[in-house]
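Residue numbers (the working numbering), protein chains in the order written: chain B, 686 to 1095; chain P, 683 to 941.
Idealized CB from N, CA, C, for every residue including glycine.
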């Protein structure tokens, strides 16, 4: 198993929540103090560097017009980390290629980071959450098709070394494509794509890329990972290697259970702060009519992330792993066996007001006490054996997930 | 009461349901982004002397969005085919909001089959500069803001809480189609202002005095681009004067149509 340290780089110093309509899209940036922001960027970069020193890998991402994530250009942060870190793999999850008008520019940025880091880039492509639609001003209908067209153009740009080609697709057009530099890794950096249903998982599996899932929890993880395994087997004729699947959860490890749970409470800022009105969480064309209607009807009026930020409930759902090293290991192991195994654990281990020291203490306990055991667990992965273990674990009672984490469903 | 019939016209694989009502010279009615309204309150008054042809744009009212459709251009060319297929002669084009934009685009492309044009609180042009908000951004507005901008009498608005699940799903589907046809450039064609001079038949623009989606000033700018067009503003009405003041709307339509 490979573990990926992740923070969304929030700017948490906000006025009273009742004083604004939304933390995303239209929150005036007068609330962003540049000097405070500079301190925060410095802290987040230090955290990633600490992850590198602890033997963890690094994941970053980008969002736009939001205090929940003040990195609107993840490749810039990656460019810094390419120099500042030594060993960590550098995962961007991801490039919002459905929303970016120039896929070739993405190919160039990623090739540059790959060369700067001497081949440590892992390149993710995402459709982007619904709140990204207004800032990007790209109609989200058929966003998944757009993602795959951009993917095809980018991978072609990475792997073409004998002069230019032209591209005239449905969504994107490019002339005389001939990128400099080309990627360090051959034929190209590993590709990750997010997935939120069995259908989208099968599309990732067909291409053999790493499929990543955010916060699907016990209620949905089996159907998504099953979709990937089935799609992989059908396309490639062999069982999926375990390193093809990735899961992201909120993780806090403490010396005591109390310490771990207190830290996890702070991580829940990621969910509890996500105040978003329906016009941003449910733009036309993003969700299916069924999901859009459910969100319109929903008691939470279509806010994206779960309104329930009760820690016990989120832990029961498999969205948060927290406690002592033993407890966290057992929680992850249970989830791992329940869903049939995965080889990448993306760990959001900093959010909101969680301090540098608190974050590092949790990361250190994870890397020293939990990570080795998880590596051991996945090293013994055997597809047949895993199926037997899984068969003995009945489906967790099918709780109504309604619009829970609906921005990750597609 | 005039009876209604619904037929489906198939145009190269795209099925367009058309409601027909009344008899007389044809009026091609093009609905707006809210989708077809079942009981057009002014239809009773008009269908005594005209034959209303009321198609549903693909994507609305439960119909699928054709695989190759990306924006309003696709709808315009579908309607050019439809007009040929119906062999419309001397028809009156009547378009509401987004349907008004569609009507104006058809009018500049195919002037031969139409006798008159009526645009009701229509979008489609961009009179202001890049920083001017000519058309309310309905896709970035709260439900309360949209309600306020759309209606003079807000009690006439459909409430989500009163919709059945099936109606709500149709509402959600309509919204997807509306976004597809109007997303970017937002609710307008930058080229249309250079083409509206081609309209060589009488044109009436009808506007709700209190429309906050596109104001009567926007209507006046639209009028000024169409040779000889006139603007008729209906008091105590917002974006849907035909729903808020159906009698007044029908009277103004009939006066123009028969004139």
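Member of the options whose CA lies at the smallest distance from the CA of residue i
i: residue 784/B; options: 719/B, 773/B and 816/B; result: 816/B
i: residue 909/B; options: 792/B, 722/B and 932/B; result: 932/B
i: residue 718/P; options: 703/P, 790/P and 739/P; result: 739/P
i: residue 1031/B; options: 887/B, 700/B and 1056/B; result: 1056/B
i: residue 890/P; options: 880/P, 695/P, 853/P and 835/P; result: 835/P
i: residue 690/P; options: 882/P, 767/P and 850/P; result: 767/P
i: residue 910/P; options: 812/P, 927/P and 902/P; result: 902/P
i: residue 743/P; options: 850/P, 908/P, 864/P and 879/P; result: 850/P
i: residue 875/B; options: 976/B, 928/B and 737/B; result: 928/B
i: residue 764/B; options: 775/B, 838/B and 1049/B; result: 775/B
i: residue 824/P; options: 1081/B, 981/B and 1043/B; result: 981/B
i: residue 1048/B; options: 917/B, 937/B and 865/B; result: 937/B
i: residue 923/P; options: 831/P, 787/P and 747/P; result: 831/P
i: residue 737/B; options: 748/B, 978/B and 687/B; result: 687/B
i: residue 1052/B; options: 826/B, 911/B, 1011/B and 995/B; result: 1011/B
i: residue 849/B; options: 864/B, 766/B, 768/B and 921/B; result: 864/B
i: residue 926/P; options: 746/P, 803/P, 896/P and 833/P; result: 833/P
i: residue 823/B; options: 758/B, 924/B, 1000/B and 857/B; result: 857/B
i: residue 778/B; options: 806/B, 786/B and 1021/B; result: 806/B
i: residue 769/P; options: 794/P, 685/P and 934/P; result: 794/P
i: residue 965/B; options: 786/P, 751/P and 821/P; result: 821/P
i: residue 872/B; options: 799/B, 887/B, 852/B and 862/B; result: 799/B
Boundaries (first-last residue) of the alpha helix (DSSP H) holding residue i
i: residue 750/P; result: It is not in any alpha helix (DSSP H) - residue 750/P carries neither H nor E in the DSSP assignment.
i: residue 708/P; result: That residue, residue 708/P, is in no alpha helix (DSSP H); its beta strand (DSSP E) goes 708-712.
i: residue 879/B; result: Per DSSP, residue 879/B belongs to no alpha helix (DSSP H); it is in the beta strand (DSSP E), 876-879.
i: residue 1042/B; result: 1041-1050
i: residue 733/B; result: 719-738
i: residue 856/P; result: 847-864
i: residue 907/B; result: 902-921
8 angstroms contact criterion, which residue i and residue j should meet: CB distance rounded
i: residue 729/B; j: residue 903/B; result: 30 angstroms between Cβ atoms; not a contact.
i: residue 878/B; j: residue 896/B; result: 6 angstroms
i: residue 708/P; j: residue 735/P; result: 6 angstroms
i: residue 939/P; j: residue 774/P; result: 6 angstroms
i: residue 703/P; j: residue 731/P; result: Rounded, the Cβ-Cβ distance is 12 angstroms, inconsistent with contact.
i: residue 882/B; j: residue 912/B; result: 7 angstroms
i: residue 1007/B; j: residue 946/B; result: 5 angstroms
i: residue 754/P; j: residue 883/P; result: With 8 angstroms as the limit, residue 754/P and residue 883/P do not qualify as a contact, their Cβ atoms being about 22 angstroms apart.
i: residue 1033/B; j: residue 952/B; result: 7 angstroms
i: residue 942/P; j: residue 698/P; result: For residue 942/P there is no data in the structure shown, the boundaries of chain P being 683 and 941.
i: residue 745/B; j: residue 759/B; result: 5 angstroms
Residue j beta carbon less than 8 angstroms from that of residue i
i: residue 893/P; j: residue 860/P; result: no
i: residue 809/P; j: residue 900/P; result: yes
i: residue 770/B; j: residue 734/B; result: yes
i: residue 935/B; j: residue 1005/B; result: yes
i: residue 863/P; j: residue 762/P; result: no
i: residue 1025/B; j: residue 1075/B; result: yes
i: residue 710/P; j: residue 776/P; result: yes
i: residue 857/P; j: residue 788/B; result: no
i: residue 868/B; j: residue 773/B; result: no
i: residue 820/B; j: residue 750/B; result: yes
i: residue 713/P; j: residue 807/P; result: no
i: residue 842/P; j: residue 895/P; result: no
i: residue 888/P; j: residue 908/P; result: no
i: residue 994/B; j: residue 941/B; result: no
i: residue 805/P; j: residue 779/P; result: yes
i: residue 886/B; j: residue 920/B; result: no
Start-to-end residues for the beta strand (DSSP E) that takes in residue i
i: residue 875/P; result: Element bounds for residue 875/P: n/a, residue is neither H nor E.
i: residue 855/B; result: Where residue 855/B is concerned, there is no enclosing beta strand (DSSP E), given that its DSSP letter is neither H nor E.
i: residue 933/B; result: 930-938
i: residue 800/P; result: 796-802
i: residue 732/P; result: Taken as a continuous stretch (DSSP letters only), residue 732/P belongs to no beta strand (DSSP E), as it is neither H nor E.
i: residue 1153/B; result: A query on residue 1153/B cannot be resolved here, the shown segment of chain B reaching from 686 to 1095 and no further.
i: residue 754/P; result: Taken as a continuous stretch (DSSP letters only), residue 754/P belongs to no beta strand (DSSP E), being part of the alpha helix (DSSP H) at 754-768.
Indicate whether the contact test is met: 3 or more Cβ pairs, each with one atom in the segment 705-713 of chain B and one in the segment 951-965 of chain B, closer than 8 angstroms. The segment 705-713 of chain B vs the segment 951-965 of chain B: in contact.
Below 8 angstroms, how does it come out for the segment 807-815 of chain B and the segment 777-792 of chain B: are there three or more Cβ pairs, yes or no? The segment 807-815 of chain B, when compared against the segment 777-792 of chain B, does touch it at the 8 angstroms Cβ threshold.
Stretch pair the segment 688-703 of chain B + the segment 1028-1046 of chain B: three plus CB contacts closer than 8 angstroms: Flag = yes, the segment 688-703 of chain B and the segment 1028-1046 of chain B touch.
Taking one C-beta from the segment 843-858 of chain P and one from the segment 875-885 of chain P each time, how about it: are there three or more such pairs within less than 8 angstroms? As far as the Cβ criterion goes, the segment 843-858 of chain P does not touch the segment 875-885 of chain P, which means the pair count is below three.
Would you call the segment 789-799 of chain B and the segment 836-848 of chain B touching, i.e. three or more CB-CB distances under 8 angstroms? Using a C-beta cut-off of 8 angstroms, the segment 789-799 of chain B makes contact with the segment 836-848 of chain B, since at least three inter-stretch Cβ pairs fall below that distance.
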